[in-house]
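Right, one structure below, let's go through it.
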């Protein structure tokens with residue numbers, strides 16, 4: 009049990025990667041609180057506390073911090089995506105994507121930094137899309153680059169007391185990935201083509217990311233700070249121009 | 003927690019060095035059978051599960067023989083760690099061609115040779131992992147380490163290339179890029195020619211370098227072994243083609259402003 013006697017908050021634990029991290033932390037012995045904009049999902053473990061909040065709202069995050077109290081681990085996972093270019097993005101799209109993905113991470117870091125115990129670990133979920141652009145994901149890509157920059161800043165400013173790193177997942181089998189493929193002319197063809205670009209021959213699973221989160225949350229990662237750790241099955245190690253694939 | 007690489011076979015080059023020895027001990031503690039390959043013998047007696055074998059990784063026939071022997075003993079190899087490396091503390095102008103070639107022979111050609119001759123055994127593993135040693139110096143330079151920086155950049159590119167080529171065969175390839183880790187190599191860097199200038203004592207210099215780190219300390223060999231273990235284990239089953247910087251936040255900063 010690598011996280012025994014540690015307490016963690018994971019934002020956005022309803023589904024996907026956040027859900028995978030919640031379950032992995034519970035397996036490793038942590039006390040876990042999670043949150044989301046809706047009610048607690050029926051199938052979520054009773055061992056885990058649920059708070060209904062919107063991380064984009066600083067007031068609600070302040071209240072969450074008062075309710076949750078001291079922590080060892082903060083995972084800023086809550087995120088949304090809108091599949092549009094800059095030209096098509098509306099003000100409402102900006103408020104939604106930047107509100108949750110950028111301001112939400114800032115809100116939680118600001119509210120919980122004073123509550124993190126010495127040696128604590130902040131784990132932000134960035135994305136490969138914050139390093140290389142996915143087409144027609146302008147606000148999402150930009151919001152993840154914000155997360156990467158904030159991660160380094162917190163690591164540098166607060167490194168003497170806590171660690172802060174980001175995990176940059178590649179293409180993970182979640183509702184978000186399905187939503188991306190659904191926009192293609194031929195979703196099944198798009199899925200096959202995407203798969204061919206992964207050297208390990210598969211998409212990721214939420215648990216693949218959760219394993220890195222467990223490591224970063226644990227004391228084994230005591231010297232890991234200020235880094236963006238990509239887990240993408242080798243996707244971004246390869247040039248996007250690959251002969252034989254199109 | 004133990005047994006995270008139970009029953010796996012690991013081959014660690016530079017296994018008798020500061021970081022390599024920490025890796026060998028950790029692997030053995032987690033249930034692996036470990037070959038500690040190094041041109042020099044370890045200073046301590048190897049713990050149970052660790053076997054030292056003398057090897058010059060820059061010598062093609064020696065590397066070929068080492069893996070032929072391993073193939074005769076075992077069905078497969080699960081983990082290859084290329085931790086052997088040397089550091090010439092000079093600028094390009096002061097580096098001799100012999101020093102340059104020796105740097106590449108050990109740091110780059112050595113990694114190439116062990117990978118080349120171990121691939122047939124790695125393919126037979128249920129899930130093989132190669133862990134190379136790049137460096138934070140492969141991204142941003144430390145002064146007076148020209149050949150070292152260049153070799154580490156080469157290791158980074160080789161890591162990505164091998165991840166592309168051998169991912170479909172079930173082999174993951176990653177590199178760890180340590181920052182300042184407290185090893186004999188680091189101590190040699192501090193006491194070497196050109197260090198401790200400007201009237202500063204070695205201790206003052208070391209403290210100044212620690213203070214530049216957001217975490218206010220160097221890494222330890224065990225810090226590095228922790229990440230090697232993770233990358234070697236099945237927990238890292240989707241991690242491939244990446245350069246894993248482990249530097250306590252040093253390179254997250256724009257400049258070393260506090261020196």
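Chains as they are written, first to last, in this note's numbering: chain W, 9 to 254; chain H, 3 to 261. Heads up, the beta-carbon is just placed ideally off N, CA and C, and yes, glycines get one too.
When the five nearest sequence neighbours on each side are left out, the beta carbons in the same chain lying within less than 6 Å of the beta carbon of residue 72 of chain W are those of 59, 61, in order along the chain. Contact of residue 166 of chain H with chain W by beta-carbon distance below 8 Å involves 207, 242, 245, 246. Proximity of residue 162 of chain H to chain W, defined by a Cβ-Cβ separation below 8 Å, is satisfied. According to DSSP, residue 38 of chain H shares a beta bridge with H/14, H/54. Residues of the segment 39 to 71 of chain W with a C-beta atom less than 7 Å from some C-beta of chain H do not occur. Cβ-Cβ distances below 8 Å link residue 185 of chain W to 179, 211 in the same chain, with the five nearest sequence neighbours on each side left out; the list follows chain order.
In this structure, W/245 is the residue among W/238, W/245, W/125 with its C-alpha nearest to the C-alpha of residue 207 of chain W.
Secondary structure in the segment 213 to 258 of chain H: the alpha helix (DSSP H) runs of 4 residues or longer, each lying completely within the stretch, are 223 to 234 in chain order.
Residue 155 of chain W sits away from residue 33 of chain W, with the two beta carbons spaced by 8 Å or more. Contact between the segment 224 to 237 of chain H and the segment 222 to 231 of chain W is present: 3 or more CB-CB pairs across the two stretches fall below 8 Å.
In this structure, the CA atom of residue 112 of chain H is about 56 Å from the CA atom of residue 75 of chain W. Two segments are said to touch when three or more pairs of C-beta atoms, one from each, lie closer than 8 Å; by this definition the segment 39 to 58 of chain H touches the segment 12 to 21 of chain H. The CB of residue 225 of chain H comes closer than 7 Å to the CB of 230, 231 in chain W, given here in chain order. Your pair residue 12 of chain H and residue 83 of chain H checks out as a contact, with CB atoms roughly 7 Å apart and the cut at 8 Å. Listed along chain W are 219, 220, 223, 228, 229, each with a C-beta nearer than 9 Å to that of residue 232 of chain H.
The alpha helix (DSSP H) runs lying completely inside the segment 136 to 214 of chain H and spanning 4 residues or more are 148 to 168, 186 to 193, 204 to 214, given in chain order. C-alpha of residue 79 of chain H to C-alpha of residue 124 of chain H: approximately 5 Å in a straight line.
The Cβ neighbour count for residue 209 of chain H, taken over all protein chains shown within 10 Å, is under 16; the residue is labelled exposed.
Scanning chain H for C-beta atoms nearer than 7 Å to the C-beta of residue 237 of chain W yields 246, reported in chain order.
By the neighbour-count criterion, in which 16 or more other beta carbons inside 10 Å mark a residue as buried, residue 80 of chain W falls on the buried side. In this structure, DSSP gives residue 76 of chain H a state outside helix and strand, which the three-state scheme calls coil.
Residue 168 of chain W belongs to the set of residues whose beta carbon lies under 8 Å from a beta carbon in chain H. Secondary structure at residue 212 of chain W: strand, using DSSP grouped into helix, strand and coil. In the three-state reduction of the DSSP assignment, residue 117 of chain W falls in the helix class, which pools H, G and I. Taking residue 42 of chain W as reference, the option from W/86, W/78, W/67, W/35 with the minimal CA-CA separation is W/86. Annotation: residue 252 of chain H to residue 135 of chain W spans about 22 Å, alpha carbon to alpha carbon.
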